[in-house]
Amino acid sequence: MNTNEILSRVRKIEIKTRGLSNNIFAGQYHSAFKGRGMAFSEVREYQFGDDVRDIDWNVTARFHRPYVKVFEEERELTVMLLVDVSGSLSFGSQRQEKREMVTEIAATLAFSAIQNNDKIGVLFFSDHVEKYIPPKKGRKHILYIIRELLDFKPDSSRTDISGAIETLTRMQKRRCTAFLLSDFCQQRPFSKELQVCNRKHDVVAIQVYDHRDSELPDIGLMRVRDSETGYEDYLDTSSKAVRTAYKAKWLERQANLKETFSHSGVDSISVSTAGDYVKSLMLLFKQRS
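For the sequence shown, counting from 1, position 242 maps to 260 in this note's numbering; every step adds exactly one.
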């Protein structure tokens, strides 16, 4: 893509995803992802029904009538997007590639974050950390992130989720909300690293998958290629046994993934490239509210 094409796509994604953040997710993101705690705001005169534990005794003694401390939620969060840029994300048999949907979801979350005055940063990963964008605020920063999501060229096509999670745990000193966006096609376990990270941060996993990840079409002999390793082979998709085994492998991987998230205490959703990620995000926000 040349510069004009990239800018045009950035603008289209901004219009769509900022509209979603403003009109659909308004308030839901705020209640789903809490701030760091309660911060002192002011004192006011005691009113019937106030908690006596909030009485400010120093001010009360000074003015000879009861005053209470008022607290407000310390709203500002740091949000990190951990975005898988490995080769398998470039596949798509439906309306869009997995990577394109990941970009839209990431942009929607980013606009939701800045609407709530949160900082947003990104960590691109394959089998190593490819790029780190430090958390900042503002529309200009979001547009830079979207441009990188659209045009970033990774050095490697392979995946190592555990390495990305470990990097976040080590790098991000203060507690943050982290969205892990991937198709989770890697075979190596990452449950231990995810558990450790989720104790320190609030991690949410978002899986984006294609219909053909889960099911083969009945179209006869088909050449398939692993986009991460380059390995090629032929599959006889006219064989019901082959299609059944492929489906069973997918279901087994999904069950293991679900167990990993559950064991680590991580909220998660799965979104098909043929589906509606808006509904899935709404459900996620509602579950966490």
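A virtual CB, placed ideally from N, CA and C, is assigned to each residue, including glycine.
Asked: One or two residues paired with GLY8 in a DSSP bridge; Found: Residue 8 lies beyond the residue range present for the chain, which begins at 19 and ends at 307; the question has no answer from this structure.
Asked: The beta strand (DSSP E) enclosing SER288, as first and last residue numbers; Found: 285–290
Asked: Test item: CB-CB of ALA196 and VAL226 under 9 Å; Found: no
Asked: Distance cut-off 8 Å: ASP68 Cβ against heavy atoms of the ligand SAH; Found: Looking at this structure, you won't find the ligand SAH or any other ligand, since it has none at all.
Asked: Where ILE73 falls: helix, strand or coil (DSSP); Found: strand
Asked: Where LYS87 sits in the DSSP three-state scheme; Found: strand
Asked: Helix, strand or coil at GLN225 [DSSP, three-state]; Found: strand
Asked: Rounded straight-line distance, which links the Cα of VAL97 to that of GLU233; Found: 34 Å
Asked: Beta-carbon proximity of VAL103 to SER144, cut-off 9 Å; Found: yes
Asked: Contact under 9 Å by Cβ, GLU166 with VAL147; Found: no
Asked: Rounded straight-line distance, which links the Cα of LYS154 to that of LYS116; Found: 26 Å
Asked: Uninterrupted beta strand (DSSP E) stretches inside the stretch 216–279 (no shorter than 3 residues); Found: 220–227, 239–243, 250–254
Asked: ILE2 vs ILE138 beta-carbon contact at 9 Å; Found: Lying outside 19 to 307, the shown extent of the chain, residue 2 is not represented and no answer is given.
Asked: Three-state class that DSSP yields for LYS200 in the structure shown; Found: First, the amino acid is wrong: residue 200 is Ser here, not Lys. Strand at SER200.
Asked: Sequence-distant residues of the same chain with beta carbon closer than 8 Å to ARG261, five excluded per side; Found: GLU233, LEU234, ASP236, THR255
Asked: Residue environment, ALA79, which counts as buried when at least 16 other CB atoms sit within 10 Å; Found: exposed
Asked: Nearest residue (CA-CA) to THR126, options ARG36, SER200, ARG241; Found: ARG36
Asked: Distance, ARG230 Cα to SER111 Cα; Found: 7 Å
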